[in-house]
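Below is one structure; the comments refer to it alone.
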Amino acid sequence: MSDKDKLNKVAAYEKAIAEKYGAETVQNPHANWDEDKEKEYLEQQKELYKKTMTNERYQEKIDVNGIKVSKKLFSRDSLQRCPICLSLSKKAADDVCFLKYECCHSCYIHYVEDREERWATGWRPKGNK
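Heads up: the sequence shown runs through residues 5 to 133, numbered per my numbering.
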């Protein structure tokens with residue numbers, strides 16, 4: 005196939021695409037681009053970057069004893085009492101256990117660790133520690 009035939013084939017494709025989708029689809033992307041559009045584009049990129057960074061900060065994960073917890077959910081503002089032993093949450097590990105198992109870290113060690121299936125079915129120790 006000669007170069008002329010290849011160019012004719014490309015031109016035929018361009019013509020078919022332009023007829024089906026419009027003339028803008030086959031024109032050079034820089035044809036309608038100017039300084040104002042460039043500035044507007046750069047401003048949009050900056051805004052997108054700011055939003056992305058803000059979103060990532062809120063979705064940041066904290067690793068506490070091998071468990072990844074969203075920083076957004078990880079809050080020391082509200083002190084909780086363990087429903088099993090009635091102790092107040094004192095450590096970060098307590099907060100993680102409250103989120104996942106609804107008990108403090110100490111109760112997790114005594115009652116839940118290696119018995120997660122039993123805990124998930126609703127078993128709880130009778131009375132306080």
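Don't be surprised by glycine CBs; every beta carbon is placed ideally from N, CA and C.
Computed from a prediction, not measured in an experiment: that's the story for all the values here.
What is the DSSP secondary structure of Lys65, reduced to helix, strand or coil? strand
For Arg119, which three-state DSSP category applies? coil
Residues that DSSP places opposite Tyr100 in a beta bridge: One detail in the question is off: residue 100 reads as Val in this sequence, not Tyr. According to DSSP, which records beta bridges pairwise, Val100 is partnered with nothing at all.
Exposed or buried, Val116, counting other C-beta atoms within 10 Å across all chains shown (16 or more means buried)? buried
From which residue to which residue does the beta strand (DSSP E) around Leu73 run? For the record, residue 73 in the displayed sequence is Val; it is not Leu. Start and end: Ile71 to Ser74.
Local conformation of Leu92 per DSSP, three classes: strand
Which one or two residues does DSSP pair with Arg85 in a beta bridge? Leu92
To the nearest angstrom, how far is it from the Cα of Ser6 to the Cα of Asn36? For Ser6 and Asn36, the distance between alpha carbons rounds to 33 angstroms.
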